[in-house]
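Q: Next up is a structure, given as structure tokens.
Protein chains: 4
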Amino acid sequence: MRTHPHGGGQENIMDNENSLLRLKTIEGHLKGIIRMVGEDAYCIDVIRQIQAVEAALKKVSGLILDNHLNSCVVTAVKGEDKEERQRVLNEILEIFETASEV
Amino acid sequence: MRTHPHGGGQENIMDNENSLLRLKTIEGHLKGIIRMVGEDAYCIDVIRQIQAVEAALKKVSGLILDNHLNSCVVTAVKGEDKEERQRVLNEILEIFETASEV
Amino acid sequence: MRTHPHGGGQENIMDNENSLLRLKTIEGHLKGIIRMVGEDAYCIDVIRQIQAVEAALKKVSGLILDNHLNSCVVTAVKGEDKEERQRVLNEILEIFETASEV
Amino acid sequence: MRTHPHGGGQENIMDNENSLLRLKTIEGHLKGIIRMVGEDAYCIDVIRQIQAVEAALKKVSGLILDNHLNSCVVTAVKGEDKEERQRVLNEILEIFETASEV
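Chains as they are written, first to last, in the working numbering: chain L, 1 to 102; chain Y, 103 to 204; chain F, 205 to 306; chain G, 307 to 408.
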């Protein structure tokens with residue numbers, strides 16, 4: 001697993017905690033949906049809950065991207081390594097394109 | 103909780119099992135993401151995994167909608183209750199509009 | 205070109221007019237974007253305008269789907285032709301799945 | 307209108323031409339959809355064409371963002387103006403969040 005190259009100062013740790021907390025809330029939400037399906041809940045209610053989980057996941061992605069832009073991206077762009085810079089910018093483009101699809 | 107008004111024949115039960123299985127796989131995937139964030143994994147890798155979970159959730163919604171269209175919607179549209187029919191059709195429109203957003 | 209099998213009463217004609225009007229407004233919006241790009245406008249401003257056009261297109265799709273559900277879908281589901289019913293329901297599922305992606 | 311601060315070298319002009327060409331193709335596509343609605347085409351066919359236009363617009367946004375990341379963003383991040391850098395990074399986040407919705 002690639003770990004996070006950026007500094008990991010206090011602010012960064014707080015952002016990480018915030019993302020973790022949100023993801024755990026989403027996990028609870030998902031467990032609730034699994035229970036609903038197990039109890040044969042009304043289809044549309046299940047779909048609505050799934051869509052709410054998707055919206056919550058997008059919020060987390062936004063948080064993580066914000067953190068990433070202000071740390072790794074700044075470091076890579078300011079750095080001397082052109083390939084690394086290109087790689088980091090291409091990653092942004094790639095997740096933007098996937099965000100447009102999911 | 104509204105439970106599912108449609109018949110619940112063998113085919114319907116199989117679809118339900120399929121959705122449940124997929125949701126449990128997604129739960130495992132989400133747990134993996136929580137672990138990644140806890141271990142300070144690289145931001146972009148986390149976002150990619152979150153986007154994969156979103157795509158998997160959309161697949162489940164599609165499955166559930168397919169089932170719903172072929173059971174509840176058919177029943178409601180064939181039925182005599184105009185308000186019920188309207189309600190069921192409006193629900194389809196509503197989840198389509200939310201699907202366009204999330 | 206397949207034309208529209210549903211009745212085409214007054215309400216339907218009004219909905220059609222509404223969709224046409226919105227699409228023509230979107231065409232004007234798109235022409236404005238083409239002008240912006242021709243004048244080398246700031247990238248992010250162009251992307252924002254493109255995203256606004258996408259949102260407006262989704263609104264039109266919603267309008268057309270609403271109309272479709274309350275006419276063609278009702279006719280097909282109430283009808284005797286099982287294949288036709290299946291076809292119409294599959295179309296709904298298909299555009300839902302595409303809506304989740306675009 | 308804000309014009310484009312980046313250099314405008316040969317490569318950039320080519321990218322701009324590419325975006326323009328694609329947008330004009332999309333305009334033609336949209337005109338075709340307007341014609342379809344005017345001729346009362348089948349709803350689902352119209353929705354499919356609208357979804358195709360949305361997908362094409364997303365492609366253009368991706369092209370423009372690619373260009374933007376490799377010009378304006380690099381310039382702003384390497385520059386001394388912290389506010390400008392923040393502004394440029396926030397814009398990326400903002401269009402990512404909108405892309406997740408439309």
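The beta-carbon is built from N, C-alpha and C at its ideal position, and this holds for glycine as well.
All values derive from a computational prediction rather than experimental measurement.
Have a look at the DSSP bridge pairing and note the partners of T105 of chain Y.
A: Looking up residue 105 of chain Y in the second sequence gives position 3. T105 of chain Y pairs with L:A41.
Q: Pick helix, strand or coil for E182 of chain Y, following the three-state DSSP scheme.
A: To locate residue 182 of chain Y, count along the second sequence from 1; it is residue 80. Coil at E182 of chain Y, not helix or strand.
Q: Under a three-way DSSP split, which group does E305 of chain F fall into?
A: The residue labelled residue 305 of chain F in the question sits at position 101 within the third sequence. E305 of chain F falls in the coil class under three-state DSSP.
Q: CB E117 of chain Y to CB L159 of chain Y, shorter than 9 Å?
A: If you number the second sequence from 1, residue 117 of chain Y lands on position 15. If you number the second sequence from 1, residue 159 of chain Y lands on position 57. Rather than Glu, the amino acid found at residue 117 of chain Y in this sequence is Asp. Not in contact: D117 of chain Y and L159 of chain Y (Cβ atoms no closer than 9 Å).
Q: Given this structure, state the Cα-to-Cα distance separating I237 of chain F from I254 of chain F, to the nearest angstrom.
A: Locating residue 237 of chain F in the third sequence gives position 33, counting from the first residue. Locating residue 254 of chain F in the third sequence gives position 50, counting from the first residue. Cα-Cα distance, rounded: 7 Å.
Q: State the Cα-Cα distance for the pair V102 of chain L and V204 of chain Y, rounded to the nearest angstrom.
A: On the first sequence, residue 102 of chain L is found 102 positions in, with the first residue counted as 1. On the second sequence, residue 204 of chain Y is found 102 positions in, with the first residue counted as 1. Roughly 7 Å separates the two Cα atoms.
Q: Could you tell me the alpha carbon to alpha carbon distance between K384 of chain G and E156 of chain Y, rounded to whole angstroms?
A: On the fourth sequence, position 78 is the one that residue 384 of chain G refers to. On the second sequence, position 54 is the one that residue 156 of chain Y refers to. If I take the Cα positions, the gap works out to 34 Å.
Q: Nearest chain L C-beta to K180 of chain Y closer than 9 Å, yes or no?
A: As a working mapping, residue 180 of chain Y is identified with position 78 in the second sequence. So, not an interface residue.
Q: Is the CB-CB distance between A245 of chain F and R328 of chain G below 9 Å?
A: The residue given as residue 245 of chain F occupies position 41 in the third sequence. The residue given as residue 328 of chain G occupies position 22 in the fourth sequence. The answer is no: Cβ separation not under 9 Å.
Q: Closer than 8 Å, Cβ to any Cβ of chain Y: which residues of the stretch 212 to 244 of chain F, in chain order?
A: Against chain Y - using a Cβ distance shorter than 8 Å - the stretch 212 to 244 of chain F contributes no residues.
Q: Quick one: is R187 of chain Y near chain L, going by C-beta distance under 9 Å?
A: Locating residue 187 of chain Y in the second sequence gives position 85, where the first residue counts as 1. Closer than 9 Å: no.
Q: When you compare only the Cα positions, how much space is there between A52 of chain L and K59 of chain L?
A: If you number the first sequence from 1, residue 52 of chain L lands on position 52. If you number the first sequence from 1, residue 59 of chain L lands on position 59. Cα to Cα, A52 of chain L sits roughly 11 Å from K59 of chain L.
Q: Hey, how far is the Cα of S304 of chain F from the Cα of S202 of chain Y?
A: As a first step, residue 304 of chain F is located in the third sequence; it is residue number 100 there, counting from the start. As a first step, residue 202 of chain Y is located in the second sequence; it is residue number 100 there, counting from the start. Using only the alpha carbons, I get a separation of about 6 Å.
Q: I want to verify the contact list: residues of chain F whose CB lies under 9 Å from the CB of K365 of chain G, in sequence order.
A: Stepping through the fourth sequence from its first residue, residue 365 of chain G is reached at position 59. Per Cβ cutoff of 9 Å: no residues; K365 of chain G is ~10 Å from chain F at best.
Q: How many Å lie between N114 of chain Y and S325 of chain G at the Cα?
A: Looking up residue 114 of chain Y in the second sequence gives position 12. Looking up residue 325 of chain G in the fourth sequence gives position 19. Looking at the two C-alpha atoms, the distance is approximately 48 Å.
Q: Let's test the definition: count the other Cβ atoms within 10 Å of the Cβ of G284 of chain F and tell me whether it reaches 16, buried, or not, exposed.
A: To locate residue 284 of chain F, count along the third sequence from 1; it is residue 80. Residue 284 of chain F is actually Glu in this sequence, not Gly. Exposed, since its Cβ has fewer than 16 Cβ neighbours within 10 Å.
Q: Could you tell me whether the Cβ of E407 of chain G comes closer than 9 Å to any Cβ of chain Y?
A: Within the fourth sequence, residue 407 of chain G is the residue found at index 101, counting from 1. It does; some Cβ of chain Y falls within 9 Å.
Q: Please determine, among G:I398, G:G344 and G:T331, the residue with the shortest C-alpha to C-alpha distance to E221 of chain F.
A: As a position in the third sequence, residue 221 of chain F is number 17, starting the count at 1. Ranking the options by Cα distance to E221 of chain F, first place goes to G:G344.
Q: What do you reckon, are the CB atoms on N248 of chain F and E397 of chain G nearer than 9 Å?
A: Locating residue 248 of chain F in the third sequence gives position 44, where the first residue counts as 1. Locating residue 397 of chain G in the fourth sequence gives position 91, where the first residue counts as 1. It should be noted that the sequence gives Ile, not Asn, for residue 248 of chain F. Their beta carbons are under 9 Å apart, which means I248 of chain F touches E397 of chain G by this criterion.
Q: Enumerate in chain order the residues of its own chain whose CB-to-CB distance from A76 of chain L is below 7 Å, with the five nearest sequence positions on each side excluded.
A: Locating residue 76 of chain L in the first sequence gives position 76, where the first residue counts as 1. Here the set comprises E84, R85 and V88.
Q: Does the CB of V380 of chain G have a neighbour CB from chain F at under 9 Å?
A: Against the fourth sequence, residue 380 of chain G aligns to sequence position 74. Not one chain F Cβ lies under 9 Å of V380 of chain G.
Q: Cα separation between R48 of chain L and K82 of chain L?
A: Locating residue 48 of chain L in the first sequence gives position 48, where the first residue counts as 1. Locating residue 82 of chain L in the first sequence gives position 82, where the first residue counts as 1. Roughly 45 Å between the two C-alpha positions.
Q: Taking the runs of the alpha helix (DSSP H) that are 4 residues or longer, which of them lie wholly in the stretch 244 to 279 of chain F?
A: Taking only runs of at least 4 residues, the alpha helix (DSSP H) segments lying wholly in the stretch 244 to 279 of chain F are 247 to 272.
Q: Output needed for T25 of chain L: all residues of its chain with C-beta closer than 6 Å, excluding positions within five of it in sequence on either side, in chain order.
A: As a first step, residue 25 of chain L must be located in the first sequence, where it is residue number 25. Excluding residues within five positions, none has a Cβ falling inside 6 Å.
Q: Quick one, are the C-beta atoms of L30 of chain L and L132 of chain Y less than 9 Å apart?
A: Indexing the first sequence from 1 puts residue 30 of chain L at position 30. Indexing the second sequence from 1 puts residue 132 of chain Y at position 30. Yes; because the gap between Cβ atoms is below 9 Å, this pair is in contact.
Q: Might you give, ordered along the chain, the residues of its own chain that have their beta carbon closer than 8 Å to the beta carbon of V148 of chain Y, omitting 5 neighbours on each side?
A: As a first step, residue 148 of chain Y must be located in the second sequence, where it is residue number 46. The answer, listed in chain order, is I135, M138 and V139.
Q: Could you confirm whether any beta carbon from chain G is found closer than 9 Å to the beta carbon of I95 of chain L?
A: As a first step, residue 95 of chain L must be located in the first sequence, where it is residue number 95. Chain G contact via Cβ: present.
Q: Is E231 of chain F near E400 of chain G, with beta carbons less than 9 Å apart?
A: Here the question's residue 231 of chain F lines up with position 27 in the third sequence. Here the question's residue 400 of chain G lines up with position 94 in the fourth sequence. Contact flag unset, no.
Q: Going along chain G in order, which residues have a C-beta closer than 8 Å to the C-beta of D387 of chain F?
A: No answer is possible for residue 387 of chain F: the residues shown for chain F start at 205 and end at 306.
Q: Would you verify that the beta carbon of I152 of chain Y is, or is not, closer than 9 Å to some beta carbon of chain F?
A: Numbered from its first residue, the second sequence carries residue 152 of chain Y at position 50. It does not; no Cβ of chain F falls within 9 Å.
Q: Going along chain Y in order, which residues have a C-beta closer than 9 Å to the C-beta of L89 of chain L?
A: Here residue 89 of chain L is taken as the residue at index 89 of the first sequence, counted from 1. Neighbours of L89 of chain L on chain Y: none; closest Cβ ~11 Å, over 9 Å.
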